[in-house]
Amino acid sequence: MAVAELAERPFPPGDYPVVVVGSGPGGLQTSYFLKRLGIEHAVISADPAPGGMFRRFPFFQRLLSWTKPYAPVAREDRWYQWYDWNSLLADEPEARAIMPTLMDGTSSFPSRPEMEANLAAFVERAGLTVRYDCRWESTRRDDERFVLATSDGEYRCQTAIFAVGVAEPYLPDTPGFDLVSHYVETRPAETYAGKRLFIVGKENSGFELATGLLQWAQRIVLASPRPAKLSVNTHSLLGVRARYVLPFEDQNLGGGVFILNASIERIERAAGGGFRIHCIRSENGAELSVEADEVIAATGFKCPLLDLPDLGVAVFGRSGLPAMTNYYESATVPGIYFAGTIGQGVSGMKKYGLPANSGAVHGARYNARTMVYHVARTHFGIELPRPEVKPDALVDLLLSEATRAPELWNQKSYLARAFSLDAGAGIRDEGVVPLAQFVDEEGPAGVAIAVETDDLGDIHPAVYVRETGRPAVETLLASNPLHDFRSVENRAQLSSLLAGATAGVVR
Amino acid sequence: MAMTQQELVDMLSSLTLFADLTRPQLEQVAHKMTEESFPVGQRILRQGFTGTGFYVILDGEVAVRIDGRDVARLAKGDFFGEMSILLGEPPVADIVTTRQLNVLHLGGPELEGFLRDHPTVMFRMLKALAMRLRNASR
Amino acid sequence: MALTTQDKAAALAGVPLFAGISAESMERLAAVAGEQEFAPGQFIVRQGQVGTGLYVILSGSVKVLRGSDVVARLSKGEFFGELSVIDQQPRNASVEAAESATVLALASWDLLALLESDPKLSLNMIKGLVMRVRQAGEKLGH
């Protein structure tokens, strides 16, 4: 190759087996696994550098996902992933558990710059390559290929993986929202000094802004139709996180913060600059008019899928997430896949209404692996090793995984450890699988174990046994105060459950 | 092509279950329930499994399947899951998607509170169940 | 012997359908509930009739008949007739006293008013129906 070509940016426009769009956690994790399996692919990104949403958000405060610098397990171990929700996955020691090495020890939650640095370090240490400043602009089909038109030219591929996040501003179609800024356009805190601020939206993004601008703004009004759902009340991570609820205190002290349950009727410019916001109070339907110097719409986000719907990609909901299979393939256009936070559109079993963590890095990183392994099997004929397991080791292995596997703990009721029980092939380790796929597909006999929470907050293992050609049967095992599920009781119950299933499998 | 809040509320107002709700009440429902999507051939309720949720179909179709046999079809406006939740027992049938399905989902533990907060929805559910009982006992 | 409103309230309180309803609802129910007695073999409701209300069994037992088939037996604390209250369709079964039975009759209009104002009552009724759907039609139950 000529020297001039070597100096060019990587992945020039052309034909590739796979094209990955995006250089946030989803795109990077996907590229890592593709590379590991030796699947040639291009990675393109509109950004000038890696990090995705973490190049900009959150504006104030630290991340909501933890990384414990001092954990009960060593950072080199797989188990450490349970305590580190921000590092991407890698087999190479130098690319593992990068996040804690970049944190200064004053918190278990990284700051935005620390997270951005974590992802940049991953690119370097895992030896990933990205073509930056290459913006995907449109898509079409051409014979058996997808053609992605970008700012640099066209990319043709059989398999396209979009890890483009869910960070496109969503603004309600209520009159006046075209006049105001969205969360994503928030400026440095000092520029709001002395201003009267009106924030539309009472979820994490709205409270993040309110908390961050508390000491700068002269007055802050937060408004949305429904009362805020707080994580301390839901006893989970759903709802506004504890760290962001300082505005409630200011409100109680009469400190210039007003938290309203009201819907916005319209926003108009006020004479002399600023805005007038017309609301209807939820409690009594009364009209309320508020003046503010600045209005910020923390009203949520959409998925920037550009013209994929025109290609036939079905989308749903107010975020416009794509409809997907359990392997994150478009439900309507085979060959198009998704990674990163978009994976939150695959609900899984969602027992008791509890969602998985697919929208966050610690869930999405495992989903990326699942997706890539599926792509490898389906489109490239690459089969991953399925080590044999001795029958008398199966019970201990299942309970051990339930007790310690970070995949199972980070994605409860969503990912499972599976083993196939084929009379001819012996007991084979199938790795980590999507639970909904395992319980529904009519496949060979097998067993899978997952970790689940019930409506009372009890965390326990759940075993799914599948006989050939029949759907899986669920059995819940006992919980344990220290979350060690390797009890005598569980061993006995699991052994008897599997006795019939494994009887024919001894080779 | 993402749905706007307005469009979602419009769609909800056309469903029998929510026919008696005012616009603000419909917005409350849209806020409390989450939008989900499932591809074809996916089970949403599973015979014998714990943790059932409550679902209202916005678009698409499912089959009610017992021991491999299709016994009914449900489509836009229909709901399912409430029986298991209210009885506190696992489903006795599978619900499988026969077409791409868009639903609103409410976690099982929240159903009773939701029905109490929206008595007209509860009454509509009562009527739908009465019809099911009549059909079941024919 | 005629029951006082208080007696009726006490009797209703023991019926699962009315468990946990508000005190006002209970008072209203007791005030409007009509006590009726049936000898063995007497019909309380007939299949095909226009339904006017719901019946709660205070004592004795009844047979539920579809045509001439006995499809269920109900006794103290159980209720029947609610379907017609909810959907105003004709009775889908006959109910005959199996032994001497005393029932409390609640008129549709009284009950409907209460269903709208007392969510607990609605919830109890739904649960009762759900149980019946599952029993009656495993083919449609879920």
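Residue numbers (the numbering used here), protein chains in the order written: chain A, 3 to 509; chain B, 34 to 171; chain C, 7 to 148.
Using N, Cα and C, we set each Cβ at its ideal position, and we do this for glycine too.
Quantities reported herein were computed from a predicted structural model and do not represent experimental measurements.
Could you name the residues that DSSP lists as bridge partners for residue i?
i, result
"R102/B", "I99/B"
"V435/A", "A418/A"
"Y157/A", "G16/A, L150/A"
"I2/A", "Missing from the structure shown is residue 2/A; chain A here goes from 3 to 509 and no further."
"V101/C", "V51/C, V70/C"
"C136/A", "DSSP lists no partner for C136/A."
"H184/A", "A299/A"
"G40/C", "A111/C"
"F318/A", "L323/A"
"R271/A", "F277/A"
"D124/C", "Answer is none; D124/C lacks a bridge partner."
Going by DSSP in three states, residue i sits in which element: helix, strand or coil?
i, result
"T131/A", "coil"
"I384/A", "coil"
"P171/A", "strand"
"G147/C", "Caution applies to G147/C, whose pLDDT of 39 falls short of 50 and renders its modelled position unreliable; the model cannot decide the point."
"P324/A", "strand"
"I132/C", "helix"
"Q141/C", "helix"
"S46/B", "helix"
"P74/A", "coil"
"S226/A", "strand"
"Q58/B", "helix"
"S1/A", "One cannot answer for residue 1/A here, as it falls past the ends of chain A, which runs 3 to 509."
"V125/A", "helix"
"S89/A", "coil"
"S332/A", "strand"
"R509/A", "At R509/A, the pLDDT of 41 sits below 50, so the modelled position is not reliable; the number obtained from the coordinates is stated separately. In the structure shown, R509/A sits in coil (DSSP, three-state: anything other than H, G, I, E or B)."
"D150/B", "helix"
"S67/A", "coil"
"V5/A", "Low local confidence applies: a pLDDT of 48 at V5/A is under 50, so the model's placement there is unreliable, with the coordinate-based value given in what follows. Helix, per DSSP."
"A464/A", "strand"
"A25/C", "coil"
"E10/A", "coil"
"I118/B", "helix"
"I163/A", "strand"
"R76/B", "strand"
Below 9 Å on C-beta distance, what does residue i contact in chain B?
i, result
"L308/A", "By Cβ distance, chain B contributes nothing, its closest Cβ being about 11 Å from L308/A, past 9 Å."
If you compare alpha carbons, which of the options is closest to residue i?
i, options, result
"V21/C", "A142/C, V136/C, M131/C", "M131/C"
"F200/A", "P190/A, V186/A, L215/A", "L215/A"
"I533/A", "V377/A, H364/A, T504/A, P463/A", "Given a span of 3 to 509 for chain A in the structure shown, any question on residue 533/A remains unanswerable."
"A99/C", "L110/C, T108/C, G57/C", "G57/C"
"G86/B", "N492/A, H485/A, A501/A, D457/A", "D457/A"
"A341/A", "Q439/A, P387/A, G167/A", "G167/A"
"N238/A", "Y354/A, A165/A, R133/A, G275/A", "The question names Asn, yet the displayed sequence has Ser at residue 238/A. Considering only alpha carbons, the answer is Y354/A."
"T504/A", "S481/A, S489/A, A474/A, E469/A", "E469/A"
"Y194/A", "A225/A, A219/A, L173/A, Q413/A", "A219/A"
"P171/A", "R268/A, R147/A, P306/A", "P306/A"
"H280/A", "L290/A, N88/A, V434/A", "L290/A"
"E94/B", "D111/B, G84/B, F82/B", "D111/B"
"S233/A", "P19/A, L66/A, T372/A", "L66/A"
"L130/A", "H184/A, L224/A, R77/A, G24/A", "G24/A"
Cβ closer than 8 Å: which chain A residues qualify as neighbours of residue i?
i, result
"H138/B", "S349, K352, G355"
"T37/B", "P174, D175, R320"
I want to verify the contact list: residues of chain C whose CB lies under 7 Å from the CB of residue i, in sequence order.
i, result
"P57/B", "Those do not exist, as P57/B stays about 19 Å from chain C at its closest Cβ, beyond 7 Å."
"L166/B", "L89, L135, R138, V139, A142"
"E145/B", "L129"
What residues from chain B crowd round residue i, counting only those whose CB sits closer than 7 Å?
i, result
"S128/C", "P152, M155, F156, L159"
Since I believe residue j is in contact with residue i (beta carbons under 8 Å), could you give me their beta-carbon distance rounded to a whole number of angstroms?
i, j, result
"D17/A", "R158/A", "5 Å"
"L135/C", "L162/B", "4 Å"
"G196/A", "I222/A", "Actually they are not in contact, since the Cβ atoms of G196/A and I222/A sit about 12 Å apart, beyond 8 Å."
"V348/A", "T334/A", "Not a contact, Cβ separation roughly 14 Å."
"L417/A", "P436/A", "6 Å"
"G29/A", "S47/A", "7 Å"
"M105/A", "P71/A", "6 Å"
"L166/B", "L89/C", "6 Å"
"S321/A", "A63/B", "Their Cβ separation, rounded to whole angstroms, is 13 Å, which puts S321/A and A63/B out of contact at 8 Å."
Run down chain C in chain order and give the residues with a C-beta less than 9 Å from the C-beta of residue i.
i, result
"S47/B", "Residues of chain C passing the Cβ test: none, with the nearest at roughly 22 Å."
Any beta carbon from chain D within less than 8 Å of residue i's own beta carbon?
i, result
"V125/B", "The structure shown has no chain D; the protein chains it does contain are A, B and C."
Anything in chain B within Cβ reach of residue i, meaning under 8 Å, just list it in chain order.
i, result
"I63/C", "Here the premise fails: no neighbours, minimum Cβ distance about 19 Å."
Name, please, each residue of chain A whose Cβ falls closer than 7 Å to the Cβ of residue i.
i, result
"L41/B", "R320"
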